[in-house]
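Visitor: As they're listed, the protein sequences go chains F and E.
Numbering follows the working numbering, in which position 50 of the first sequence is assigned residue number 50; successive positions increment by one, without gaps.
Numbering follows the working numbering, in which position 207 of the second sequence is assigned residue number 207; successive positions increment by one, without gaps.
Ideal Cβ placement from N, Cα and C applies to all residues, glycine included.
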Amino acid sequence: MECTRIYCIHDHAVTFEFAEIISEAINIHVIALKNYIDVHPFKGFIESVPAYSSLTVYFSDTINKDEVVDIIQLYNKQLKTHNPQATTDNSEQSSSTKIIPVCYDLGEDLSSVAKQLNITKEKIIALHCNQTFRVYTIGFTPGFPYMGTLPAGLHLPRKQTPALHIAPGSVAIAGNQTGIYPTASPGGWHIIGRTPIKMFDKKREPSCFLQPGDVVQFNSISTKEFNQYK
Amino acid sequence: MSITLIKPGWACSVQDLGRWGYQEFGIPLSGAMDVNAAMMANRICGNEDGEALLECTLHGTEIQLNETAIFSFTGGGAIATVNGQPVTFNKQIKAVGGSTIKLHPSPFGCRTYIAFAGGLKVNRELGSCSTYIAADIGGCNGSNLESGDLIELKKIAPKQKMENITISAAGFGSSNWKAIAPELPHVNDLVRIKCYEGPEWNLFDDASKHALFNTPFTIGQHANRMGFQLEGTRLTKKENKEMISSAVTKGIVQVTHQGTPIILMADAQTIGGYPRIGRIFNDDIHLLAQCRPGMKIQLVSI
């Protein structure tokens, strides 16, 4: 798979973009390239951050950006040669579906989302629960899973102004993505529910509840069930 | 050897050079906002660059030394006193046990770093001592320091070169040399910050591109370790295109749907979905860290 765009986000971080769409095949390639770099770290490599359709590589000042680009381009070619089955191999590994209970009554933006989409709250819950989602990447805050893809009926742009305080466990939507805020933080997504599951726990191993590549299904619960959750 | 925090002031936290290697789990880099000043504070005390130290925002911090200690102040945002006497920044200072350090208001800078020779004895969490309060990671219990917090100091290693400092009747003394530090911005200055065009530069209309580099912006009240919201010209896109989230880091200038630019700082999220109109020149992130809410900045194209 060829890079469509290469750009810096920092003097010591370069992003390799493979597409400007959300695609399972591209995300699998991004994660395969990340794993390939981890197995073949180069001098000056610090870490890499996989996103939906791009990989960002952080490096030290012992190497310059052009050298990093050359190495990653080479790795990207080698990945194709050495591991042409990467796509199918990874799909077979994909984990069993993880069920995430969500109390939609605690979604502070559910009414405004219903109004903006011109559908009922019940319809939103049904659309959100009746399919599975792929975890494309973890980011934004510790353990925040970016999941896709939402059905067209739930697409809504991010808020004009980010909310400054979002409660931990808030389940949110934006564009064709859905996610869960693990910790109290600001954020621009629409909150449609809340899960009692801790997405991030620094004392747990692994500390993130979800990993890239996981398959998730939401399950609607009542406020009573939410409060009874351990 | 230990110190006790009498008053935290505006904000006081333990930081080092950041939590590298965990961004793929969504864990921000954190670390000192003004990395250069933090490294300088450690070097003045003969520490390694990455030793844990205190980052104090503006003034109000009050610390008691429980035994004789060697330390340094770098950065800015405050005037420092030891036992009520003003002391110079960027010097090695030695004070006897029972001494009190205080930070008083100053119109220059925003963040003071206090390093102690040997370093702070703070547990590493996920590879770093840096405090990241949003997820309770690092520092003292994952939070900013509070009145009464006691922090142990590590022993000074034999290889660390300490000055032969004479202690005055006031209970302290300082080195006869001073490290050279960059000039600090004054609250009334228009601070020039060098900036590159960002990955989504071309998504913005010509008026917004022009405004970014030709009109001043004010650092808003929502300015913290995560990012600085800027007040000024609203920046608008040529077309309303929803982006696919990808990696962001400190120095990125992203623009909300309302047109407000936000400069991401040390506790920046690892992934973001707002268009990135610019990115700050790395060495000017330190200068920006010394600017406080209400100050005016001018982004300069490079």
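Taking the alpha-carbon of F/Asp201 as reference, which of F/Glu2, F/Asp105, F/Gln73 and F/Gly143 has the nearest alpha-carbon?
Guide: Residue 201 of chain F sits at position 201 when you count from the first residue of the first sequence. Among F/Glu2, F/Asp105, F/Gln73 and F/Gly143, the Cα nearest to that of F/Asp201 is on F/Gly143.
Visitor: Could you please give me the residues that DSSP links to E/Glu152 through a beta bridge?
Guide: The residue you call residue 152 of chain E lines up with position 152 of the second sequence. DSSP lists E/Ser2 as partners of E/Glu152.
Visitor: For a cutoff of 8 Å on Cβ pairs, would you count F/Phe218 as touching chain E?
Guide: Against the first sequence, residue 218 of chain F aligns to sequence position 218. So no, F/Phe218 is outside the interface.
Visitor: Here's the rule I'm using: 16 or more other beta-carbon atoms within 10 Å means buried, otherwise exposed. How should F/Asn90 be labelled?
Guide: Sequence index remark: in the first sequence, residue 90 of chain F carries index 90 (1-based). Here the model assigns F/Asn90 a pLDDT of 46, short of 50, so the residue's position is not dependable, and the following value carries that caveat. Burial call: buried.
Visitor: For the structure I just gave you, are there three or more beta carbon pairs, one from the region 251–260 of chain E and one from the region 226–240 of chain E, closer than 8 Å?
Guide: Yes: the two stretches touch, three or more of their Cβ pairs being nearer than 8 Å.
Visitor: Within 10 Å of its beta-carbon, does E/Ala80 have 16 or more other beta-carbons around it, so buried, or fewer, so exposed?
Guide: Counted from its first residue, the second sequence places residue 80 of chain E at position 80. Per the 10 Å Cβ criterion, buried.
Visitor: F/Tyr146: buried (16+ other C-beta within 10 angstroms of its C-beta) or exposed?
Guide: Reading the first sequence from its first residue, position 146 is the one you call residue 146 of chain F. Classification for F/Tyr146: buried.
Visitor: Could you give the distance in angstroms between the alpha-carbon of F/Asn118 and the alpha-carbon of E/Phe25?
Guide: Position 118 of the first sequence holds residue 118 of chain F. Position 25 of the second sequence holds residue 25 of chain E. Looking at the two C-alpha atoms, the distance is approximately 36 Å.
Visitor: What's the C-alpha gap between E/Lys159 and E/Thr68?
Guide: Here residue 159 of chain E is taken as the residue at index 159 of the second sequence, counted from 1. Here residue 68 of chain E is taken as the residue at index 68 of the second sequence, counted from 1. Rounded to the nearest angstrom, the two C-alpha atoms are 19 Å apart.
Visitor: Using the Cβ count rule (16 or more neighbours within 10 Å means buried), how would you classify F/Ala51?
Guide: Here residue 51 of chain F corresponds to residue number 51 of the first sequence, with the count starting at 1. So F/Ala51 ends up on the buried side.
Visitor: Identify, in the order they occur along the chain, each residue of the same chain with its Cβ nearer than 6 Å to the Cβ of F/Met199, setting aside the five sequence neighbours on each side.
Guide: Here residue 199 of chain F corresponds to residue number 199 of the first sequence, with the count starting at 1. Excluding residues within five positions, the ones whose Cβ falls inside 6 Å are Gly143, Ile180, Pro182 and Phe209.
Visitor: Determine the DSSP secondary structure at E/Lys91, reduced to helix, strand or coil.
Guide: The sequence position of residue 91 of chain E within the second sequence is 91, counting from 1. DSSP places E/Lys91 in coil when its eight states are reduced to three.
Visitor: Could you tell me which chain E residues have their CB closer than 8 Å to the CB of F/Val49, listed as they occur along the chain?
Guide: The residue you call residue 49 of chain F lines up with position 49 of the first sequence. Per Cβ cutoff of 8 Å: Gln23, Glu24, Ala247, Thr270 and Ile271.
Visitor: Here's the rule I'm using: 16 or more other beta-carbon atoms within 10 Å means buried, otherwise exposed. How should E/Met162 be labelled?
Guide: For the purposes of this step, residue 162 of chain E is identified with residue 162 of the second sequence, where counting begins at 1. Exposed: under 16 other Cβ atoms inside 10 Å.
Visitor: Alpha helix (DSSP H) containing E/Leu29: first to last residue?
Guide: Here residue 29 of chain E corresponds to residue number 29 of the second sequence, with the count starting at 1. Element bounds for E/Leu29: n/a, residue is neither H nor E.
Visitor: F/Trp189: buried (16+ other C-beta within 10 angstroms of its C-beta) or exposed?
Guide: Counting from 1 along the first sequence, the entry for residue 189 of chain F is found at position 189. F/Trp189 is buried by the Cβ-count criterion.
Visitor: Just to confirm the assignment: which complete alpha helix (DSSP H) runs, minimum length 4, are found wholly within the region 3–72 of chain F?
Guide: Within the region 3–72 of chain F, the complete alpha helix (DSSP H) runs of at least 4 residues are 24–39.
Visitor: Run the CB neighbour count on E/Ile180, radius 10 Å, all protein chains shown included, and call it buried at 16 or more, exposed below.
Guide: For the purposes of this step, residue 180 of chain E is taken as the residue at position 180 of the second sequence. Answer is exposed; the Cβ neighbour count stays below 16.
Visitor: Would you say E/Ile151 lies against chain F (beta-carbon separation less than 8 Å)?
Guide: For this step, residue 151 of chain E is matched to residue 151 along the second sequence. It does not: the Cβ of E/Ile151 has no partner Cβ on chain F nearer than 8 Å.
Visitor: Which whole-angstrom value is the C-beta distance of E/Asn90 and E/Ile44, which I expect to be below 8 Å?
Guide: Here residue 90 of chain E refers to the residue found at position 90 when the second sequence is read from its first residue. Here residue 44 of chain E refers to the residue found at position 44 when the second sequence is read from its first residue. About 7 Å; that satisfies the 8 Å criterion.
Visitor: Rounded to whole angstroms, what's the CA-CA distance from E/Ile219 to F/Gln228? Just pull it up for me.
Guide: Stepping through the second sequence from its first residue, residue 219 of chain E is reached at position 219. Stepping through the first sequence from its first residue, residue 228 of chain F is reached at position 228. In a straight line, the C-alpha of E/Ile219 is about 44 Å away from that of F/Gln228.
Visitor: E/Ala134 versus chain F: which residues are under 9 Å apart at the beta carbon?
Guide: Taking the first residue of the second sequence as position 1, residue 134 of chain E is located at position 134. By Cβ distance, chain F contributes Thr141, Pro142, Thr183, Ala184 and Ser185.
Visitor: Go ahead and label F/Val39 buried or exposed: buried means 16 or more other beta carbons lie within 10 angstroms of its beta carbon, across all protein chains shown.
Guide: Taking the first sequence and counting its residues from 1, the one referred to as residue 39 of chain F is at position 39. Classification for F/Val39: exposed.
Visitor: So with CB distances below 9 Å, who are the chain F contacts of E/Arg279?
Guide: Here residue 279 of chain E refers to the residue found at position 279 when the second sequence is read from its first residue. Here the neighbours are Cys8, Ile9, His10 and Asp11.
Visitor: Got a sec? Which residues, its chain only, sit under 6 Å from E/Gln15 by beta carbon, not counting five neighbours each side?
Guide: Here residue 15 of chain E refers to the residue found at position 15 when the second sequence is read from its first residue. Correct list, in chain order: Gly31, Ala32, Glu55 and Ser130.
Visitor: Alpha carbon to alpha carbon, how far is F/Lys98 from F/Thr87? Give it in angstroms, no decimals.
Guide: Counted from its first residue, the first sequence places residue 87 of chain F at position 87. Counted from its first residue, the first sequence places residue 98 of chain F at position 98. Per-residue confidence for F/Thr87 stands at a pLDDT of 46, beneath the threshold of 50, marking its modelled position as unreliable; the derived number appears in the next sentence. Roughly 22 Å between the two C-alpha positions.
Visitor: Which same chain residues, not among the five before or five after F/His226, have their C-beta less than 6 Å away from its C-beta?
Guide: Position 226 of the first sequence, counted from the first residue, corresponds to residue 226 of chain F. The question names His, yet the displayed sequence has Phe at residue 226 of chain F. Excluding sequence neighbours, F/Phe226 sits near Cys103 and Pro196.
Visitor: Per the contact definition of three or more C-beta pairs closer than 8 Å, is the region 104–119 of chain E in contact with the region 70–84 of chain E?
Guide: The region 70–84 of chain E vs the region 104–119 of chain E: in contact.
Visitor: When you compare each of F/Ser53, F/Ser48, F/Pro41 and F/Gly139 to F/Ala19 by their alpha carbons, which one comes out closest?
Guide: Looking up residue 19 of chain F in the first sequence gives position 19. Answer by Cα proximity: F/Ser53.
Visitor: Of the residues that make up the region 153–168 of chain F, which ones have a beta carbon closer than 8 Å to any beta carbon in chain E?
Guide: If the cut-off is 8 Å between Cβ atoms, the region 153–168 of chain F has Pro157, Arg158, Lys159, Gln160, Thr161, Pro162 and Leu164 near chain E.
Visitor: Quick check on E/Gly138: buried or exposed, where buried means 16 or more other Cβ atoms within 10 Å of its Cβ?
Guide: Within the second sequence, residue 138 of chain E is the residue found at index 138, counting from 1. E/Gly138 comes out buried.
Visitor: Cα-Cα, which of E/Gly98, E/Thr74 and E/Thr100 is closest to E/Thr88?
Guide: Counting from 1 along the second sequence, the entry for residue 88 of chain E is found at position 88. Among E/Gly98, E/Thr74 and E/Thr100, the Cα nearest to that of E/Thr88 is on E/Thr74.
Visitor: Would you identify the three-state DSSP class for F/Leu156, choosing helix, strand or coil?
Guide: Counting from 1 along the first sequence, the entry for residue 156 of chain F is found at position 156. The answer is strand: DSSP assigns F/Leu156 an E or B state.
Visitor: Output yes if chain F places a C-beta closer than 8 Å to the C-beta of E/Gly232; else output no.
Guide: Counting from one through the second sequence, the residue named residue 232 of chain E turns up at place 232. It does not; no Cβ of chain F falls within 8 Å.
Visitor: Which chain C residues sit within Cβ distance under 8 Å of F/Ser53?
Guide: Absence of chain C from the displayed structure is noted, the protein chains being F and E.
Visitor: Look at E/Cys12 and E/Asn144 and say whether their C-beta atoms are less than 8 Å apart.
Guide: As a working note, residue 12 of chain E is residue 12 in the second sequence. As a working note, residue 144 of chain E is residue 144 in the second sequence. A contact, by the Cβ cut-off of 8 Å.
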